[in-house]
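If you're matching them up, the sequences are chains W and P in order.
Going by the numbering used here, the first residue of the first sequence is number 1, and it counts up by one from there.
Going by the numbering used here, the first residue of the second sequence is number 1001, and it counts up by one from there.
Built from N, CA and C at the ideal position, the CB exists for glycine as well.
Number of protein chains: 2
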Amino acid sequence: MRELDKFFYASSIAVIGASNDEKKAGYQIIRNLVELGYVGEVYPVNPKEDEIFGIKCYASLKDIDAPVDLILVSVPAPAVPGIFLDAKERGDVQAAVILASGFSETRIPERVELEEAVIKIAKEANIRVMGPNCVGIMNTENRLDTTFAAGIDKIPGSMSLVSQSGSLGATIAAFSVNQAVPVGFAKWAHVGNQSDIDVLDVIKYYKDDEKTKSIAMYMEGIDNAREFIEVAKDIAAEKAIVVLKVGRSELGSGAAASHTGSLVGADELYEAAFEQAGVLRVDTIEELLDTAKAISMQPLPQGNRIAVLTEAGGPGIISVDEIGMGDVAVLPKFSPETLKRLRELLPPMAIIDHTDGYVDMSAAADERHHAEALKIVLEDENVDGIIHLSVLPTFLNPKLMGEMSAEAIKQYDKPVTVCYLAGEFVQEGREALENAGIPTFEMPDRAAKAMINMVRRRQMLDRIGKTETGDEQAKDRQKIDAIIEKAQEQKVNLTEVESRQILAEYDIDFGQYALATSIEDAALKAEAIGYPLVLKIMSPDIIHKSDAGGVIVNVKNVEELKIAYEQVMKNAREYSADARINGVLLTPMLPEGTEMIIGAIRDAQFGPCVMVGFGGIFVEVLKDVNFKMAPVSRVEARDMVEKLKLFPVLDGIRGRAKLDVDAVVEVIMRISRLIVENEDIKEIDVNPIRVYEQGISALDARVII
Amino acid sequence: MRELDKFFYASSIAVIGASNDEKKAGYQIIRNLVELGYVGEVYPVNPKEDEIFGIKCYASLKDIDAPVDLILVSVPAPAVPGIFLDAKERGDVQAAVILASGFSETRIPERVELEEAVIKIAKEANIRVMGPNCVGIMNTENRLDTTFAAGIDKIPGSMSLVSQSGSLGATIAAFSVNQAVPVGFAKWAHVGNQSDIDVLDVIKYYKDDEKTKSIAMYMEGIDNAREFIEVAKDIAAEKAIVVLKVGRSELGSGAAASHTGSLVGADELYEAAFEQAGVLRVDTIEELLDTAKAISMQPLPQGNRIAVLTEAGGPGIISVDEIGMGDVAVLPKFSPETLKRLRELLPPMAIIDHTDGYVDMSAAADERHHAEALKIVLEDENVDGIIHLSVLPTFLNPKLMGEMSAEAIKQYDKPVTVCYLAGEFVQEGREALENAGIPTFEMPDRAAKAMINMVRRRQMLDRIGKTETGDEQAKDRQKIDAIIEKAQEQKVNLTEVESRQILAEYDIDFGQYALATSIEDAALKAEAIGYPLVLKIMSPDIIHKSDAGGVIVNVKNVEELKIAYEQVMKNAREYSADARINGVLLTPMLPEGTEMIIGAIRDAQFGPCVMVGFGGIFVEVLKDVNFKMAPVSRVEARDMVEKLKLFPVLDGIRGRAKLDVDAVVEVIMRISRLIVENEDIKEIDVNPIRVYEQGISALDARVII
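Right, here's the structure in full:
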């Protein structure tokens, strides 16, 4: 038996705090178990009642003279430890859902302790706990429902849900069954305070659950984001995880923080991490259900070539727009054979050749036309999936149409999402399809989005297989440690020279440079580097060198060098009389190039992350940067670069030369290693990096410890 | 009587081609009229039937011995003229819907002529026509329904619909009434081939229709886009027009063109024109209905400060995200009084102070808390509207909650959109609100989008009042005409000098420049302008001067000038031996600045349009340009600039100087006038324009005739 089976497959349940008062949760829980047809035994417990919903009520848990697997605890918080002592005494209780609130979520010390006390008893008694402050679980297989949500008449399906909000989770479940064609689900869970079982336990359980083909998740934010992502990545390699994560805007994440008390990470880190883990993020509750449903019912497309087969222009164009506005799926190019067969099959008004991969069969198409056209298109090896749309004219038989289409679709191992539009009239047609395992949707854009998300899932799976990270390591770790230890001892920042030295251990090349400690020294070293030069003041106390007048560029000869050297020293002293000066950094003037930024941070929730973006003022406005959790593989690093909005600038747009993307990718990988392997480093900022046709040059670097 | 009343308020209808065959439209039409309760008289016409749906059937239109207002024509196309001759003979028929297809939409010459012939008879008989190839109208007031859509059990409401697609229009109507809480509408129309009544007639009719409070439109593309926009602008000043226009992607507009045969304009021109006309564009069918419904039921907000009042975190955050991800609405800052009153009212778990304008009342809130909190927030003068969300716990009474909330809301003249989440359980609560005129929605994001679109409508209305365009006119029209006529006679392009001369007539300043026709002439004129200079070859045959080696910059003195002059002449001759050379343009080297582009085009559908964008390679990738139909007012021109993604670059980001946006706005207005007033000009391209802290400089210009 798997651990969470103790909850989902409990065959007897005691409800502590059961009630005949309709205003109480203890009433609704019993009602849900009884009226919605839970197949096991139910024992209400309440010393003040004799009978609830026609079932004998017990004064205490100890009085139940039959086995009890699971207890649902809906009594005031202070009474909960006593209940667990009773359960311990019984010895047969294996699991508990604590619906009661008033524990650690209040952040009141006594209440936090109360929760700890309960868990201690539970551990001693070998009882696994969900909650407190949670509504528990639903299982459509045995119709077990521990919630006090308004009776959700569940329908079995092949996706499972987990929610960080009980009310929103219940809403999603209610919405799913209230659709014109209900969306079934297998299991459902809300874990509340996670004092024992947490959200990771639930998704791990779903991973191995036979009934669960895809996982839908509602998320507000989590403290252990890195761990979550690592587990999710592991699961997503086998089963799709679709997530609705709120806090997409700054305003929204602010509000989310007030709600859950979670540390809510920057949304761009979530976005990046989901992508990296192969977790499909969606925007709305509808898209969450639609996507999880589509994936749970159908094979994934093998590629991104999705045909649109419609009988009405409007819905067809709406679907094509969904494809055209994204960069995930494309319309296929039909084979000549397919075009020929479609021309032979379809009514003369049909539009077949106008837009590649788009067929408008016209309103004259009948049930057979639809079914045969589906077959022809599915047989085309240039097609990976179909969005099939019809505003069924009244002279068609929706049921027949659904049955014939389903039979056609089932012959091929390719996904088809269907949208029949005409209200109640098409109900039987949609049901015929759904019964045959073909997902149907209310709106053309929803059918299209579900299919596009299946393509995204395919692409993520393809990428997950290519994530070996490199094994770059510091050439000389001791050297790095020494630099950092010295700065730590002296409690100073690292200078640019020290930052360059650390980066050099990961083969990030800054070309020639030298630190000069006197004018004479500078003149000598300048000769070796060659003019023209840049001079920069080096001081652990001057972070913003330009602001301090500490940078002079285009120094052309030794005369200018001497003047410039004195000038930067003078400026530095004026800027900060006490600044410790290490000397002046001499670097060559480098040729112009496209400027980029590569950096890394150590985030409180996501740990080490690496970042790349374009430099300069225009780009600052656009915030054209991409993050990923470190370390990154070559594929991931390249993905970060290619997904920048301005990537075409590197890629030879308008006859410009292609720039050295490989070199950029290499630096991203090395910096991602650097931040992972050196835990004292908080932040790295190599800015700017000039990118050339061959190679790159890093111009400045800052490592923060 | 208003002209379209002949259709929407017909009191007797003859259905030509009525049928007992369920597979025929003529069956469904009769069925819809009878079963859905049309209040007037219905006369089926079919020589082969005696009775249809229990109603006496007539052999011919002429046989009906009672008045006939409206005829619905569902017979094969070639039989239609005969029907109209019958109608003419009767003399009482005022209107006709031709449901039959097979006319001009086939583009077969005889069929186009057939349509013309029908319309000729109709005109002679004083019969107004909708169609052919259309399904006509619905009116929920008298339950008139001329369509053969699967019986849509209409519900009266206060928005009206018009669709360019019969099937999608019917789908929208079916979807609207099949919602958990149905969305009513007043009138509905599909106009097909528009041989007489067109879509503009319908929206003009809706404008003056008392029952219609807002107009929802489904659009694929139209030929007379400019006229449509001008009419729409006029209507939108009084009644909201909400439009779902497909073809948002290039792929989608390609597919749309195949469907309607309409000239489908670039989507960015539609987008701009909708904005300019105050037409609210939406993305999905759901958003179309939600927005039109919200606007039809409620007062508009006076500003953009929208509070979110929730009882559950999840839905609350989803709504806040919708606000935070756009730039339309903001959360308000409550007055201290409001905060104090909320603190006194709400349960201790409520979150009131954490995020400005966001209140999470907590699950402990009861019906009274909701109603009182609504009042307190609506009374705050810093609040323009509320999104109100609740996952009703089972201990609340949804009906009571809806009634109490509605009563609270009705006391104030501010809009509130409501989302109750919990499936069927909340049905009565939603109905209580809807009956009181408060719009409710299925999902929190939908309630939020509807409210945000109400704010957009408010902002558009505010802008519509400020669209007086300037009265700049050419200083010397004859001079422009002479330049253009000369080029037309010689069949050559305008040179840069001629383009500059035309622009100068609208006070677009290029600073000093001169055309030199010999080295000596150049030396003389260079002296007057001052070094350093730029030299450019001037030839009507060399459009791309740089490609021809026809541009040399930074010419510092007379020696360099002479060499450069010979060089550009030589390059030009090598580039094109036959090119006619007008001379060499001398311009000063101008200081660096932020480069922009201002231009204009004469579009086939939208007529003269003006555009502005940033220059350079980065921006070419971003396509950061905005269009509007010309002429533009100062407010509109400023809007074009401020809505550029990179606008912050002009606006003094990161301590940079603010640049002269006023000067940019002025040039946009002048160029918009120029293209409007000079019909021979096809395109104008002033590129680049350098923008400084004070003023701008145009560096190059191209006027295409």
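Residue from P:Y1270, P:T1147 and P:V1612 with nearest C-alpha to P:A1604:
P:Y1270
Compile a chain-ordered list of the residues in the region 619-637 of chain W whose CB is closer than 8 Å to at least one CB of chain P.
V619, E620, V621 and L622
Are the C-beta atoms of W:Q28 and some chain P residue less than 8 Å apart?
yes
Can you list, in chain order, the stretches of the alpha helix (DSSP H) that have 4 or more residues and sit fully within the region 1103-1163 of chain P?
1109-1124
Please report whether the beta-carbon of W:L114 lies at a distance below 8 Å from any beta-carbon of chain P.
no
Length-filtered (4 minimum) alpha helix (DSSP H) runs lying within the region 1033-1117 of chain P
1080-1090
Could you confirm whether any beta carbon from chain W is found closer than 8 Å to the beta carbon of P:F1053?
no
Which two residues bound the contiguous alpha helix (DSSP H) that contains W:M460?
P444 to I464
Between the CA atoms of W:Y38 and W:Q28 - distance to the nearest angstrom:
14 Å
How big is the Cα-Cα spacing for W:V621 and P:D1651?
11 Å
Would you decide whether W:S262 is buried or exposed? Buried here means 16 or more other CB atoms lie within 10 Å of its CB.
Any reading at W:S262 must be qualified, since the residue scores a pLDDT of 47, below 50, and its modelled position is unreliable; the value itself is stated next. The residue in question, W:S262, is buried, as its Cβ has 16 or more Cβ neighbours within 10 Å.
Which chain W residues sit within Cβ distance under 8 Å of P:P1648?
V621
Within chain P, the residues that W:S249 reaches when beta carbons sit closer than 9 Å:
V1320, D1321, E1322, I1323, G1324, M1325 and G1326
Residues that DSSP places opposite W:A530 in a beta bridge:
According to the sequence shown, residue 530 of chain W is Gly rather than Ala. In DSSP, W:G530 forms no bridge with anything.
In the DSSP assignment, what are the bridge partners of P:K1628?
P:V1610
What's the gap between the Cα of P:L1433 and the Cα of P:E1403?
6 Å
Identify every residue that forms a DSSP beta bridge with P:T1440.
P:V1418
Can you give me the start and stop residues for the beta strand (DSSP E) that P:P1588 sits inside?
G1583 to P1588
State the Cα-Cα distance for the pair W:S195 and W:F228, rounded to the nearest angstrom.
16 Å
How big is the Cα-Cα spacing for W:P439 and W:Q298?
8 Å
Nearest CA to the CA of P:Y980: which residue from P:Y1205, P:A1066 and P:E1250?
Residue 980 of chain P cannot be examined here, being either before or after the span of chain P that is shown, 1001 to 1705.
Stretch-stretch touch, CB-based, cutoff 8 Å, three pairs: the region 517-526 of chain W with the region 545-563 of chain W
yes
For W:K6 versus W:D69, is the C-beta distance shorter than 8 Å?
yes
Assuming the contact rule is C-beta atoms closer than 8 Å, W:G192 and W:G151 should be a hit. Round their C-beta distance to whole Å, please.
That belief does not hold up - the Cβ atoms of W:G192 and W:G151 are roughly 21 Å apart, past 8 Å.
Against chain W, does P:R1430 count as a neighbour if the rule is that its beta carbon must be under 8 Å from one of theirs?
no
Would you say the region 390-400 of chain W touches the region 307-314 of chain W, given that touching needs at least three Cβ pairs under 8 Å?
yes
Per-residue contacts from P:T1171 into chain W (C-beta, under 7 Å)
V391, L421 and A422
Answer yes or no: does any C-beta atom of chain P fall closer than 8 Å to that of W:E286?
yes
Quick check on the burial criterion: 16 or more other C-beta atoms within 10 angstroms. Buried or exposed for W:V641?
buried
Kindly examine the ligand ADP and report whether one of its heavy atoms sits closer than 7 Å to the Cβ of P:I1617.
By its list of ligands, the structure shown contains no ligand whatsoever, and the ligand ADP lies outside what it can speak to.
Ends of the alpha helix (DSSP H) at P:S1176?
G1166 to V1177
Find out if the Cβ-Cβ distance for the pair P:D1209, P:G1303 is shorter than 8 Å.
no
What residues from chain P crowd round W:L331, counting only those whose CB sits closer than 7 Å?
L1251
Reduced DSSP secondary structure (H/G/I, E/B, other) of W:P347
coil
Own chain, CB closer than 6 Å to W:V625, minus 5 neighbours either side, in chain order
M611 and G613
Closer than 8 Å to chain W by CB, P:S1262:
Summary for P:S1262: the model assigns pLDDT 47, below 50, so the residue's position carries little reliability; its value from the coordinates is reported in the next sentence. Cβ-Cβ to chain W under 8 Å: no for P:S1262.
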